[in-house]
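Numbering (numbering that gives the first Met the number 0), first residue to last: 0 to 273.
We put the CB at the ideal spot given by N, CA and C, even for glycine.
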Amino acid sequence: MSYKSPKEILVAVDAAARHKVQLSSGKQLLLGFMAGMFIAMGAMLGMTVSYGSPAIAEANPGLAKFLLGAVFPVGMIMVVITGGELFTSNTAVIIASRLGGGVHWRSLLRNWTMVYLGNALGAVLTALFLAYWSGLIAAGDGATISLPQSLGLAAREIAVAKTTLPWGQAFLRGVLCNVLVCTAIWMGIAAEDIAGKVLAIWFPVMAFVALGSEHSIANLFFVPLGMLNGANVTIGQFLLNNLLPVTLGNLVGGAGLIGILFWLAYRERPAREG
């Protein structure tokens, strides 16, 4: 498999960022919606595989986490291959171009804002319509525990666990998450064919999920789904205790530890006279 060198990746990242910010606000919102939906679908699949096997989860929690991580990347792969716009990966891609003079601050902020809103709509509406109202993940009140009910109860537990994390831990898990997500995107850009992109994306994304780190857009699926299934979590608790610190952590991990550092390492410098 052929692949780009690190310097060539930075050139490709700059070209991608320029394209992203040139999209109209409506297209950014639409492509953001699609990406949020795809991430939520990957999360749905992960929940079904891992939490749908309670015996495995109880006997071997590490294996259950791996199962969740093994299938969650489906969502990220769909985002990348179809050209969706994802806030978490755009933090690294667009900041690198901004530092190189490829895009303006105003364009960067517009993209991050519109894409985040689109991601949020896609993730929340997928939780409501495709997970909960479809009956695929719904706790219900029946005496017999079916798979959808079991998943609904798990969704409650996930929502409570995420919103009761200490603020600092949520922030740092957000940093870890987006270092891995943006590394996956960087490696995906390096790949020259679809098979290479799929493999490049799968490993880091699997790692961030299996490690238990925090992804703001995925949480816009997980926590609302838990709330729909009866989790004792308010909107305020979700926004302040989880979404805010995780989003800030994602921003630091993606923009700070990937976008800025890779730009510093591989930017073109003017040749010095001997």
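Looking only at Asp-140, Asn-241 and Gly-83, the smallest Cα-Cα distance to Thr-163 is reached by Asn-241.
DSSP assignment within the segment 34 to 58 yields the following whole alpha helix (DSSP H) runs of 4 residues or more, N-terminal first: 53 to 58.
With respect to Gly-253, Thr-90 sits close: the two C-beta atoms are nearer than 7 angstroms. The alpha-carbon separation between Gly-101 and Phe-37 amounts to approximately 29 angstroms. By the criterion of a C-beta distance shorter than 6 angstroms, Met-186 is surrounded in its chain by Ala-199, once the five residues flanking it on both sides are discounted. Taking 8 angstroms as the upper bound for CB-CB distance, Phe-221 and Ala-158 are in contact here, some 7 angstroms apart.
In the three-state reduction of the DSSP assignment, Ala-190 falls in the strand class, which pools E and B.
Between Asp-13 and Gly-99, the C-beta gap is smaller than 7 angstroms, which places the two residues in contact.
Classified as buried, Gln-236 has 16 or more neighbouring CB atoms from the shown chains inside 10 Å of its CB. With a cut-off of 8 angstroms on Cβ pairs, the segment 67 to 82 is not in contact with the segment 144 to 160, counting fewer than three such pairs.
Looking at the DSSP output, Tyr-2 bridges to Ala-190. Separation of Leu-30 and Phe-128 (C-alpha to C-alpha, rounded to the nearest whole angstrom) is 19 angstroms.
Its Cα nearest to that of Val-123, the residue Ile-234 stands out among Lys-6, Ala-264, Leu-175 and Ile-234. With 16 or more other Cβ atoms from the protein chains shown falling within 10 Å of its own Cβ, Glu-213 counts as buried. Comparing C-alpha distances from Leu-224 to each of Ala-58, Gly-139, Ile-257 and Val-174 shows the shortest one belongs to Gly-139.
Of the residues assessed, Lys-6 falls on the exposed side of the cut-off, its CB having fewer than 16 other CB atoms within 10 angstroms. Here DSSP, grouped into helix, strand and coil, assigns Val-102 to coil. Taking all protein chains shown into account, Pro-203 has 16 or more neighbouring C-beta atoms within 10 Å of its C-beta and is therefore buried. Taken atom to atom, the span from the alpha-carbon of Val-92 to that of Phe-65 is near 28 angstroms. Around the beta carbon of Gly-41, 16 or more other beta carbons sit within 10 angstroms, so the residue counts as buried. The C-alpha of Val-180 is placed about 30 angstroms away from the C-alpha of Asn-231.
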